[in-house]
Structures are given as structure tokens and as C-alpha cells.
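Asks: Heads up: the sequence shown runs through residues 91 to 205, numbered per the numbering used here.
Cβ atoms here follow ideal geometry from the backbone N, Cα and C, with glycine treated the same way.
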Amino acid sequence: MAEGWLTATLAEKIPEPVLNRGPKPVWNVLSREAQGLRVDWEIAVPQQWLQVRARGDDAETFLNFLKEKFGEAPVLRSKVERWDVRKGFITGSGRVGFGVYIDIGILEPARKDAL
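1. From Ser121 to Arg167, what distance separates their C-alpha atoms?
2. For Glu162, which residues of its own chain have a beta-carbon under 7 Å away from its beta-carbon, when the five flanking residues on both sides are left out?
3. Per DSSP, what kind of secondary structure is Arg176 in: helix, strand or coil?
4. Just the C-alpha distance for Asp130 and Val108, rounded to the nearest angstrom, thanks.
5. For Met91, name the three-state secondary structure that DSSP assigns.
6. Under a three-way DSSP split, which group does Arg128 fall into?
7. For Leu156, which option in Gln125, Pro136 and Gly182 has the closest C-alpha, if you only look at C-alpha atoms?
8. Taking the alpha-carbon positions, what's the Ile133 to Leu140 distance?
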């Protein structure tokens with residue numbers, strides 16, 4: 091992580107068709123949210139999850155606002171506990187009995203779907 095940057099992985103996946111068109115739609119939404127704040131920010135999409143890096147006087151405020159509005163992906167399996175309520179995206183169903191697989195944003199140590 092670059093010096094002075096704070097990072098948040100939001101509970102929002104960016105669909106492949108949107109990624110193929112470029113970052114402008116996501117950029118426009120985040121630009122509105124950053125309006126009036128003293129913050130520099132950039133985005134990345136590891137495994138389609140929206141990750142925002144920010145720095146500046148209002149960086150922490152900006153990221154906290156985004157986490158409150160969109161939710162935060164747990165990223166690390168150790169951050170998920172029994173009975174947690176998490177936002178996720180259906181990745182498959184019917185592969186094992188009647189189960190539904192949900193991607194909740196665990197990226198480390200390896201990507202995991204919840205059943």
C-alpha cells in the first residue's frame with residue numbers, strides 16, 4: 091500500500107459487461123460521493139469487487155461513508171463469524187443438492203463462496 095493511502099473493499103461487485111465498458115460509470119458515482127471533500131481516490135476491482143483507495147484530509151470520512159452506504163466486503167475469511175449477516179451475490183445453485191453458492195467477498199487467503 092502506498093504511503094498515506096487508506097483502502098476499503100466495498101460490498102459491490104462490478105459486472106463483467108460494466109468492466110468491459112470502462113470505469114466511467116463507477117467513477118461518476120464515486121465522484122458524486124466525494125464532492126466537497128478534500129480527498130484523492132482511485133479504484134481497483136480485484137475479482138470484480140469494488141476497492142477504493144483514498145488519501146487526503148477527508149480520506150477516512152470518505153471511506154467510512156462509502157462503507158456505510160454500500161457495505162464492506164470481509165476480504166479475509168477470519169473476519170467472518172457465525173451468524174454474521176453479509177451482503178453477497180449468487181454464483182451458482184443446484185451444484186450440491188439444493189444449495190445456493192454466494193460470493194460474499196472473501197478474497198484471502200483464497201476466494202471462497204458460502205453455501
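Replies: Judging by the given coordinates:
1. 30 Å
2. Ala98, Thr99, Leu100 and Ala101
3. coil
4. 23 Å
5. For Met91, the predicted model reports a pLDDT of 46, less than 50, meaning its position is unreliable and no value from the coordinates is stated.
6. coil
7. Gln125
8. 7 Å
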